[in-house]
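As structure tokens, the structure follows; a few thoughts come after it.
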Amino acid sequence: MKKTMIAFMSFLAITGCTFQNNAEKSVAAASTPNTVSPVRFNDIDNHWAKDAITSATLAGYVDGFEDGTFRPEQMVTRAEFIKLIISATKETVSGTTTGSDWYKPYAEAATKSGILRDTDFPANEMNTPISRLEMSRIAVRATDATFMNKAVQLDDKSAMYNATKAGLIQGLDRGELAPTANTTRAQSVTIIDRVLKLKSGTKLPVDKYAASNAELDLKKTNIFTMIPELFGGKQWEDASWNPENLYLETPDKKFKGTLDWVIAIDLADPNDPNRYLLGDVSKLTWTASSKRGVRPFVKDHPNSYILIFKTHVDYCDATEYACDIGLQAYPIGFVNPDWEAFYNGELNTLTGISLPGADIFPFILPKSGYQTDGVIQIRLLAPVKAFTQPIDKTVLGIVTSKQY
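Under full-length UniProt numbering, think of the first position of the sequence shown as 1, with each following residue one higher.
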């Protein structure tokens with residue numbers, strides 16, 4: 001059980017006016033050795049962060065103002081956020097925390113602990129509002145000893161990915177990451193509340209939309225977040241997913257194509273952030289049997305995933321390759337348990353759908369009732385004109401279950 005944190009004495013509010021010793025002062029959190037007074041602010045009753053604000057105030061690392069407000073939507077600076085997280089995690093602070101350089105002891109403590117780097121932002125811009133990306137990077141380091149190691153670099157995309165996967169940061173509308181957006185007082189105390197919970201061993205809820213978007217930015221796919229039951233297994237050593245390896249160049253150097261991304265869409269979720277890629281779903285059909293004229297509607301199978309592969313051609317010699325076809329990308333390893341049922345319109349395996357667009361390769365996969373041969377691969381195929389051995393490349397090999 002997480003230990004109750006007793007309020008610290010007289011911490012300053014996390015606002016620039018307070019830190020600069022302006023006339024308006026924040027209300028210090030009061031405490032006694034055995035009790036903590038309840039906290040009430042007149043502007044948070046209906047605010048989404050009310051619980052986190054109350055918890056943070058009782059813990060003593062943030063205060064309200066003399067007029068009884070908390071001002072949850074007020075911006076927070078880099079210096080203020082660093083002071084907050086150092087106070088909340090009870091890191092040792094040495095030096096004078098007053099005057100124009102009040103924040104330096106907190107920054108030094110953060111640097112010493114490994115949650116801050118000198119390269120994170122310029123020393124003369126500490127009073128600039130902190131962005132969601134900068135806040136995420138600090139929060140990730142504060143909860144993961146691996147990233148506290150100064151030899152380990154945490155680039156922007158990795159920071160957002162690790163923050164969303166850990167549940168430290170939630171997305172905005174439909175998982176929007178908004179890495180450059182400024183951070184508010186409410187957001188900052190919420191993030192720190194999550195930092196403390198994660199450090200205590202609590203598993204945080206994850207915003208699937210945000211994690212999906214962050215994974216797509218970092219890995220050029222969201223399949224590992226969206227379909228973990230299929231793509232969460234052990235990857236082949238010689239065919240592990242690598243965003244820098246998503247291309248196929250033929251031995252004769254006359255064709256090269258690149259896989260831009262692979263996106264999974266949950267058809268059952270009308271709010272899936274990538275659903276717009278499908279256009280009018282009511283018009284989409286999937287391939288069952290062209291000979292029998294069976295083309296069932298995608299909309300009739302909502303309990304499914306859509307997988308879309310997007311490629312482009314880097315260069316192509318039209319005398320040897322079908323440049324209009326381009327680089328093909330597709331998954332293999334699915335086993336059809338009943339072809340007759342499939343031909344009659346039963347979706348029991350992976351199959352293509354009628355989604356228009358150049359260099360687009362779309363598929364539909366039911367969430368259950370399908371089989372694999374125990375391994376799924378994602379392959380790239382060059383559009384060779386002559387009837388020869390296919391020129392292909394496996395960019396992902398992964399061990400899976402055989403029955404879903």
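Where a beta carbon is used, it is the ideal one built from N, C-alpha and C, also for glycine.
In this text, all values refer to a predicted model and were calculated from it rather than measured experimentally.
- In the three-state DSSP reduction, serine 131 falls in the strand class (E or B).
- In terms of Cβ geometry, valine 384 and tyrosine 321 form a close pair [threshold 8 Å].
- The C-alpha of alanine 329 is placed about 19 Å away from the C-alpha of asparagine 274.
- Across the set Gln389, Ala288 and Gly397, the C-alpha of Gly397 shows the shortest separation from the C-alpha of isoleucine 332.
- As for any alpha helix (DSSP H) of minimum length 4 sitting wholly inside the segment 67-140, the runs are 78-88 and 104-113, ordered along the chain.
- Residue state for lysine 367 is assigned as coil, using DSSP reduced to three classes.
- Valine 395 and threonine 372 do not touch by the CB rule: their CB atoms are close to 18 Å apart, not below 8 Å.
- According to DSSP, cysteine 316 shares a beta bridge with Phe255.
- Taking the C-beta atoms as reference points, arginine 379 is found nearer than 8 Å to aspartate 392.
- Using a Cβ distance threshold of 8 Å, threonine 128 and aspartate 118 do not count as a contacting pair.
- Using a 10 angstroms sphere on the CB of alanine 107, the tally of other CB atoms reaches 16 or more, which defines it as buried.
- Taking every protein chain shown into account, the CB of valine 298 has 16 or more other CB atoms within 10 angstroms, so this residue is buried.
- Per DSSP, the beta bridge partners of glutamine 235 are Ile398.
- With a cutoff of 8 Å on beta-carbon distance, arginine 78 and methionine 148 are scored as not near each other.
- In the three-state reduction of the DSSP assignment, isoleucine 391 falls in the coil class.
- Distance from the Cα of glycine 326 is smallest, within the candidate group Asp300, Leu347, Gly357 and Ala341, for Gly357.
- Between isoleucine 265 and isoleucine 306, the beta carbon gap of about 4 Å places them in contact (Cβ cut-off 8 Å).
- DSSP lists Phe363 as the beta-bridge partner residues of glycine 352.
- Inter-segment contact for the segment 135-142 and the segment 160-179 is present: three or more beta-carbon pairs are separated by less than 8 Å.
- Residues Gly175 and Leu177 of the same chain have their beta carbon placed closer than 6 Å to that of asparagine 213, with the five preceding and five following residues left out of the count.
- Judged by DSSP in its simplified three-state form, glutamine 153 adopts coil rather than helix or strand.
- Here DSSP, grouped into helix, strand and coil, assigns proline 179 to coil.
- In this chain, the alpha helix (DSSP H) harbouring tyrosine 343 covers 339-343.
- C-alpha of phenylalanine 363 to C-alpha of glycine 171: approximately 27 Å in a straight line.
- Its chain contains Ala56, Leu84, Ile85 and Ala88 as the residues whose beta carbon lies nearer than 7 Å to that of isoleucine 192, once the 5 sequence neighbours on both sides are disregarded; these appear in chain order.
- Under the three-state reduction of DSSP, alanine 288 is assigned to coil, being neither helix nor strand.
- Here the alpha carbons of leucine 259 and aspartate 324 stand approximately 16 Å from one another.
- Judged by their CB atoms, alanine 186 and histidine 312 are not nearer to each other than the 8 Å cut-off.
- Taken through DSSP and simplified to helix, strand or coil, serine 188 comes out as helix.
- Measuring C-alpha to C-alpha distances from proline 228 to each of Ile376, Pro105 and Glu237 identifies Ile376 as the nearest.
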